[in-house]
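Single-structure report; data block below.
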Amino acid sequence: MLIRPVETADIDALREIAVETGPGFTSLPDNRDFLADKIDHARQSLAGEAEDALYFFVLEDDQQPGERAERLAGCCAIEARVGLDAPFYHYRIGQLAHSSSRLGLHRTLDTLFLCSDHTGSAEVCSLYLREPWRGAAHRNSRNGTLLSRARWLFMAAFRSRFPERVLAEMRGRFDDDGKSPFWEALGQKFLPIEFQRADHLTGMGEKSFIGEMMPRHPICTSFLPQSARDCIGQVHHQTRPALAMLNRDGLRFEGYIDLFDGGPTVEAYIDDVHSIRHTRSARVRLDDSVERAARPAWLAATASSPTAFRAAWLGRGPEGDDIRLTPEEAQRLQVAEGDSLRLLET
Amino acid sequence: MLIRPVETADIDALREIAVETGPGFTSLPDNRDFLADKIDHARQSLAGEAEDALYFFVLEDDQQPGERAERLAGCCAIEARVGLDAPFYHYRIGQLAHSSSRLGLHRTLDTLFLCSDHTGSAEVCSLYLREPWRGAAHRNSRNGTLLSRARWLFMAAFRSRFPERVLAEMRGRFDDDGKSPFWEALGQKFLPIEFQRADHLTGMGEKSFIGEMMPRHPICTSFLPQSARDCIGQVHHQTRPALAMLNRDGLRFEGYIDLFDGGPTVEAYIDDVHSIRHTRSARVRLDDSVERAARPAWLAATASSPTAFRAAWLGRGPEGDDIRLTPEEAQRLQVAEGDSLRLLET
Amino acid sequence: MTLLARSATLDDLDALLALAQDASPALTNLPPDRERLAARLESSSRAFQSEATAPEDVALTLVVEDDDGEVLGTATLKPLAGGREVYYTYRRETLIHASQQLDVRREVDILSISHEMSHATLLCALATRRDHPARGEIKRLLRAARLALVAAVPERFAPLLFVALPGYQSGGRSPFWEGVGRHFFSREFEEVHRAASLGSKSFIGEVMPPFPLYQPLLDDAARDAIGRVHPLHSEALEGWQREGFTPSRHVDLLDGGPLLEAGRDHLPRPRRCPARLRDQPAERGEGEMLLASQRDGGFRALLSTGATLDEQGRCVVDAGRAQRLGVDNDTPLLVLERRECAC
Amino acid sequence: MTLLARSATLDDLDALLALAQDASPALTNLPPDRERLAARLESSSRAFQSEATAPEDVALTLVVEDDDGEVLGTATLKPLAGGREVYYTYRRETLIHASQQLDVRREVDILSISHEMSHATLLCALATRRDHPARGEIKRLLRAARLALVAAVPERFAPLLFVALPGYQSGGRSPFWEGVGRHFFSREFEEVHRAASLGSKSFIGEVMPPFPLYQPLLDDAARDAIGRVHPLHSEALEGWQREGFTPSRHVDLLDGGPLLEAGRDHLPRPRRCPARLRDQPAERGEGEMLLASQRDGGFRALLSTGATLDEQGRCVVDAGRAQRLGVDNDTPLLVLERRECAC
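Protein chains in written order, with the numbering used here: chain A, 46 to 391; chain B, 46 to 391; chain C, 44 to 386; chain D, 44 to 386.
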């Protein structure tokens with residue numbers, strides 16, 4: 046299994062993923078032109094250092110024969126700086142004092158503020174692992190972890206391409222009927238469209254309707270029904286493992302939620318992210334005598350150039366400043382004897 | 046030099062400090078009753094676990110003969126949870142999107158929001174070192190560092206008494222005439238009182254005038270004159286060393302400023318504070334043969350009970366799980382063979 | 044029986060206190076507090092005797108008495124509703140949310156906290172003896188007499204007059220309070236109401252957020268109560284509407300009750316003419332008139348269906364009424380023809 | 044020369060475009076854009092011919108021509124200022140900041156973004172030939188003729204009428220824009236003005252913050268410009284005031300210029316009477332009158348100092364004016380006596 050930047054020829058495979066993920070996966074709408082533009086933008090981003098760069102990676106099952114579309118196991122991405130093209134909105138939960146010595150009253154009320162505080166932050170996003178590569182049979186391949194953490198290796202390797210902070214938006218809580226109580230209590234009262242369409246437009250970057258239609262004055266959360274308040278900062282049950290992994294990397298909920306489903310944004314200073322703080326460099330030593338360990342414990346990534354970025358699991362860690370690779374592993378990562386690799390024990 | 050909790054008998058010495066610090070030192074007004082109440086509150090806080098506990102420490106020069114007032118070299122404090130009694134106000138700098146596809150316009154504007162977001166956080170405050178114990182002659186005693194970091198040792202030792210986050214408010218920038226351009230551009234337009242009085246009332250916890258008189262609608266910073274904008278999040282030149290020390294401990298400016306002078310609040314998750322993360326425990330071994338090192342490099346504090354809290358410099362660090370003390374050092378800290386100490390290399 | 048409205052004096056203190064204690068729901072502007080009421084009566088008497096030419100921060104209080112001089116009701120005018128303080132209301136506004144992208148336009152109703160009414164004249168603190176058979180008449184007279192006072196000395200009142208009626212309640216609770224105020228005050232309605240009636244209201248500015256409320260986010264019961272009158276006061280609502288008052292954009296901050304407003308200068312103007320006494324009680328004529336006299340720093344008013352104007356332009360009034368009004372032949376009277384307003 | 048105001052038709056397109064191009068400063072509601080003006084003239088003609096009984100989202104345009112039929116000026120009425128869109132203004136409000144603790148009370152002036160005027164009727168897009176010696180007369184006629192049209196078919200207009208006058212400028216720059224709008228738009232005034240004049244204004248809702256501005260935080264020049272008219276338009280200000288318009292709480296969002304308002308139903312009501320033609324041109328009489336005719340879906344109006352009413356209540360008008368108005372003996376005329384308003 047190998048992480049590499051998306052290529053133009055991945056378009057059909059990516060479209061299949063978009064169909065699979067459905068409308069809930071905001072950033073990957075089922076729209077060929079949009080996806081083709083996205084791939085173009087990602088290719089250009091690798092080459093240059095566009096401010097609004099998008100780094101988009103795919104997980105390829107290089108053991109799997111057949112068509113490219115059959116080998117693509119998932120994807121993940123990093124936006125270098127959100128909110129530069131179109132406003133990036135959140136509700137921020139703030140505390141307002143409600144206080145009166147006359148009434149002997151002193152408390153604070155949680156209040157939602159429409160804001161764009163994260164403008165300019167990096168975002169890790171678009172993580173998806175396709176069904177055939179999930180589940181108990183694949184537990185040992187740790188594909189999800191690979192998709193999630195490979196991004197930190199990329200950011201560690203090309204740190205100057207990223208700003209001070211990084212965030213991830215988590216899908217919010219939905220009820221058993223697939224409805225978002227937060228949306229029903231808030232967004233629906235102001236937007237004449239369905240949740241899916243609002244979510245879709247946002248995914249396409251067409252967000253001007255938010256500033257025009259959504260309430261721009263602060264809202265005390267106590268005015269929302271309990272069912273909606275229970276969604277604030279809470280994730281979809283399927284999103285819990287992803288949240289747990291980001292939390293382990295030091296990303297925290299700091300009071301910013303999604304406008305539509307109330308799901309949390311987690312965030313950190315990039316230099317504080319555990320996986321970034323703990324990556325180290327090592328030099329490749331080819332050695333076809335090394336054994337493959339049962340459980341992949343070390344993530345390895347190339348650090349020479351963004352276009353040549355590759356990441357994969359290794360069954361062993363470095364010894365001193367060296368990391369021993371089998372020729373097969375070296376080929377997968379496209380590195381040669383003496384090249385440098387970034388490594389993360391995880 | 047020894048850090049210990051304030052005692053009732055310190056009242057006169059404390060008042061002398063209050064006179065010395067002057068009106069700029071908000072939390073220590075020259076008011077005997079107020080100070081006596083403060084000491085009482087601090088004594089009760091040590092004993093119990095009041096939600097709004099105040100931990101107030103003094104730095105005593107135990108080498109100095111004479112009156113208590115002549116031996117008190119400074120003070121420092123921790124408020125366990127701010128904003129429980131009276132509202133705790135800040136301006137928060139947020140970004141508001143100003144965006145229009147029609148005008149091809151997309152930007153964000155910094156905006157000040159009156160908020161009480163820090164309600165319930167801990168605050169380190171009231172740090173003051175008296176003149177006779179400052180300056181080049183005292184460089185080696187590192188008194189400032191002792192005052193500042195002893196608090197982290199206290200928090201590490203009695204972690205359950207504190208919430209998730211801690212903050213420190215830094216004095217803002219003033220011009221050469223001792224005026225605050227931020228105050229002149231903002232507070233003065235709304236408050237019929239002088240900066241000193243506003244600051245004083247705030248220090249006394251009488252803050253209801255803020256909610257009544259200060260602007261409660263958000264304010265775009267671009268409406269303030271450049272001189273005031275230049276104060277936002279900037280510290281008084283005398284405060285720079287204190288800020289640097291807090292920054293080294295991992296406290297960061299997260300966009301909250303003082304209502305009156307625009308000075309920054311720096312903050313962190315308590316468990317992330319470097320001095321807390323890196324404290325360790327060791328067992329006391331008495332040994333009158335150990336030498337005193339020239340430069341104090343290890344901070345030591347007792348961890349048995351809040352009332353018996355003592356902190357002081359040691360010239361050496363632990364060996365394994367043991368820390369060797371001279372009988373004189375042990376007496377200063379009021380520990381005996383086998384007692385536990387918390388240590389921080391700094 | 045002829046009801047007479049007149050300016051109150053300190054002698055009315057006991058009666059006023061009894062009325063205040065009897066009022067239900069309690070009146071913000073008529074606290075059952077002897078000292079406060081005494082102070083109000085004293086300053087009111089002084090104000091009636093003064094020759095102010097601009098609205099002052101002094102409440103003017105009237106009482107209604109029967110033939111025996113027994114006080115049956117009271118009402119007050121505050122020339123400046125806010126006085127030194129602020130009179131807070133919610134102002135109903137409509138935001139327009141329009142999106143070119145979605146090609147839609149929506150009107151979103153909000154409630155904005157407002158100080159606007161602070162500078163208007165408030166007619167308030169109307170109370171009557173609960174058990175009195177002529178309650179309706181007493182109230183009608185108090186409404187008419189206050190407007191007559193404004194018409195008599197318009198310069199002492201603001202260009203805008205308003206009255207705040209108690210808001211809708213159901214089962215003894217105010218759904219507007221439950222859905223709005225409780226969030227901010229975390230106190231019982233009565234407690235906040237009491238605090239608001241005793242002195243400074245500046246605490247409201249400290250406790251209420253400065254932002255508007257979005258009506259779509261209120262619960263149905265609270266939203267339905269916006270601008271809806273307390274069931275026991277629907278008659279008062281109609282009474283004020285007959286006097287030419289119309290619902291304003293404003294509602295009460297605490298219970299959502301309606302504020303009705305009228306332009307001072309759109310009130311019918313009184314005619315000033317000398318009285319002409321006649322012995323016989325008047326026949327019950329066609330048109331009702333309000334007769335008022337201003338003498339010796341006092342104000343008196345009564346409703347009469349028998350009064351007419353003679354050819355010399357004098358107002359013919361029977362001796363009994365003349366005595367109640369404290370007027371003699373040729374004493375000037377204010378005469379207001381009463382009409383149902385068509386506004 | 045007798046100036047005639049009349050409903051515009053598509054034939055006036057060239058003249059209108061010339062007026063639009065000539066206007067300085069550019070008029071938000073008169074963009075120099077041939078297609079847009081053509082569309083406006085077509086919908087205006089249709090609207091004049093329709094029998095609408097409620098305000099519609101269609102601008103009604105008048106032009107003024109001289110004896111030779113040459114178009115010298117134009118003006119427009121938008122029965123609903125907002126139409127499908129929003130008409131944004133800043134509304135001047137006063138907050139009261141009071142503190143018991145400090146025992147002070149301060150009034151703080153703010154500007155609140157407002158949609159209120161969206162539902163009122165806007166009188167706008169007045170332009171005249173710059174070089175014409177009778178400019179003042181042309182404008183006076185256009186003001187009077189628009190009010191006559193409102194008086195003639197009040198049901199087609201909103202209860203509140205307003206006019207927005209260009210805001211203060213100094214050295215070709217608007218200090219209000221420099222101190223306020225520029226912060227939000229980071230564009231030149233002219234560019235935003237142009238965008239606002241071409242179609243949807245919903246972008247304003249997206250760009251402007253929903254919070255009020257504190258006037259004490261504005262720079263002096265911007266604050267002084269609030270509600271202050273462009274020096275070249277002070278005559279228009281006086282003209283409207285003579286028609287009974289008064290400054291409203293609202294000012295223009297972009298340049299801070301004043302909005303003047305008047306109640307539709309407080310306008311002088313026109314008399315409807317048949318025309319009586321006479322051959323001789325009238326003597327110059329005392330009172331000025333506005334005479335208007337509504338025929339065949341057209342509206343015509345002129346000012347006359349010679350017209351009088353005869354004993355039969357007919358309006359005596361000379362043949363020349365009658366021809367301009369398109370009326371004959373016994374054709375109904377609208378007659379408005381002109382007076383300086385004392386409001």
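Virtual Cβ for every residue (Gly too), placed ideally from N, Cα, C.
* To do: Might you give, ordered along the chain, the residues of its own chain that have their beta carbon closer than 8 Å to the beta carbon of A97 of chain C, omitting 5 neighbours on each side?
  => Same-chain partners within the cutoff: E198 and R199.
Q | Contact list for the region 136 to 154 of chain A against chain B, Cβ threshold 8 Å | A | R137, G139, Q140, L141, A142, S144, S145, S146, H151 and T153
**Sequence-distant residues of the same chain with beta carbon closer than 8 Å to G270 of chain D, five excluded per side** = R135, P290, V294, G299, G300 and P301
Residues bridged to Y136 of chain A (per DSSP): A:L159 and A:I302
* **Top-ranked residue by Cα proximity to A206 of chain C, from C:G112, C:L120 and C:I181** => In the sequence as displayed, the identity of residue 206 of chain C is Val instead of Ala. It is C:L120 whose Cα lies nearest to the Cα of V206 of chain C.
Can you list, in chain order, the residues of its chain whose CB lies under 7 Å from that of V280 of chain B, leaving out five sequence neighbours each side? M215, R216, G217, R218, L288, G308 and P309
Check: Are any of the Cβ atoms in chain D nearer than 8 Å to that of H163 of chain A?
Finding: no
> Do the region 262 to 280 of chain B and the region 86 to 103 of chain B touch if we need at least three Cβ pairs shorter than 8 Å?
Replying inline: The region 262 to 280 of chain B makes no contact with the region 86 to 103 of chain B; the number of CB pairs closer than 8 Å stays below 3.
Three or more C-beta pairs below 8 Å linking the region 122 to 139 of chain A and the region 292 to 305 of chain A: yes
| For a contact meaning CB atoms closer than 7 Å, what does E128 of chain C contact in chain D? | Chain D residues near E128 of chain C: A141.
Inset, instruction - Would you list the one or two residues that DSSP bridges to E105 of chain A? - result: A:L47 and A:L117
Checklist entry - For A82 of chain C, which of C:L334, C:L53, C:L70 and C:D100 has the nearest alpha-carbon? => result C:L53
With the cut-off set at 8 Å, would you say L344 of chain A and L191 of chain A are in Cβ contact? Judged by beta-carbon spacing, L191 of chain A lies within the 8 Å limit of L344 of chain A, meaning their Cβ atoms are closer than that value.
On the criterion of 16 or more Cβ atoms from any shown chain inside 10 Å, does M44 of chain D qualify as buried, or is it exposed? exposed
**Request:** Would you kindly report the start and end of the unbroken beta strand (DSSP E) that includes Q337 of chain C?
**Result:** M332 to R338
query: M258 of chain B CB to nearest chain D CB: under 8 Å?
result: yes
**Study point:** P259 of chain D: contacting residues in chain A (beta-carbon distance under 9 Å)
**Key:** Those within 9 Å of P259 of chain D in chain A number zero; the least Cβ separation is about 22 Å.
Next item on the list: Express the C-alpha separation of T53 of chain B and H86 of chain B in angstroms, rounding to a whole number.
Entry: 10 Å
### Message
Cβ closer than 7 Å: which chain D residues qualify as neighbours of T137 of chain C?
### Response
H158
Could you work out which residues of chain A lie near F158 of chain B, taking near to mean beta carbons separated by less than 8 Å? G139 and F158
- Query: Does S291 of chain D come within less than 8 Å of chain C when only Cβ atoms are used?
  - Reply: no
Q | Contacts around C384 of chain D, its chain only, beta-carbon distance under 7 Å, and the 5 residues preceding and following it disregarded | A | In this prediction, C384 of chain D scores a pLDDT of 37, lower than 50, which makes its location untrustworthy; no coordinate-derived value is stated.
Proximal residues of chain B, C-beta to C-beta of P255 of chain C below 7 Å: Residues of chain B passing the Cβ test: none, with the nearest at roughly 11 Å.
What is the rounded straight-line gap between the Cα of S320 of chain A and the Cα of W197 of chain A?
-> 6 Å
Amino acids of chain B, ordered along the chain, whose beta-carbon sits closer than 7 Å to that of Y134 of chain A: A142
* Asked: Would you say G248 of chain D faces chain C, with C-beta separation under 8 Å as the test?
  -> yes
| said: Determine whether the beta carbon atoms of L47 of chain B and D107 of chain B lie at a separation below 8 Å. | reply: yes
Residues from the region 201 to 219 of chain C in contact with chain A, defined by Cβ distance under 8 Å:
none
Other residues of its chain near T164 of chain B: CB distance less than 6 Å, five sequence neighbours each side excluded
Cβ within range, chain order: G128 and F133.
ask   = Can A163 of chain D and L208 of chain D be called in contact, C-beta distance under 8 Å?
value = no
Starting from the N-terminal side, write out each stretch of the alpha helix (DSSP H) that is 4 residues or longer and does not extend beyond the region 137 to 211 of chain C. Counting only runs of 4 or more, we get 178 to 195.
For chain B, check one thing: does any of its Cβ atoms lie closer than 8 Å to the Cβ of E281 of chain C? Answer no: the Cβ-Cβ gap between E281 of chain C and chain B never drops below 8 Å.
Nearest-angstrom Cα distance between R361 of chain A and Q283 of chain A?
31 Å
Discussion item. For a quick check, are the C-beta atoms of T374 of chain C and P317 of chain C less than 8 Å apart?
Written reply: yes
Evaluate contact between the region 141 to 151 of chain A and the region 243 to 263 of chain B, counting only Cβ atoms and requiring at least three cross-stretch pairs below 8 Å. yes
* To do: Report the partner residues of S277 of chain D according to the DSSP bridge assignment.
  => S277 of chain D pairs with nothing; no bridge assigned.
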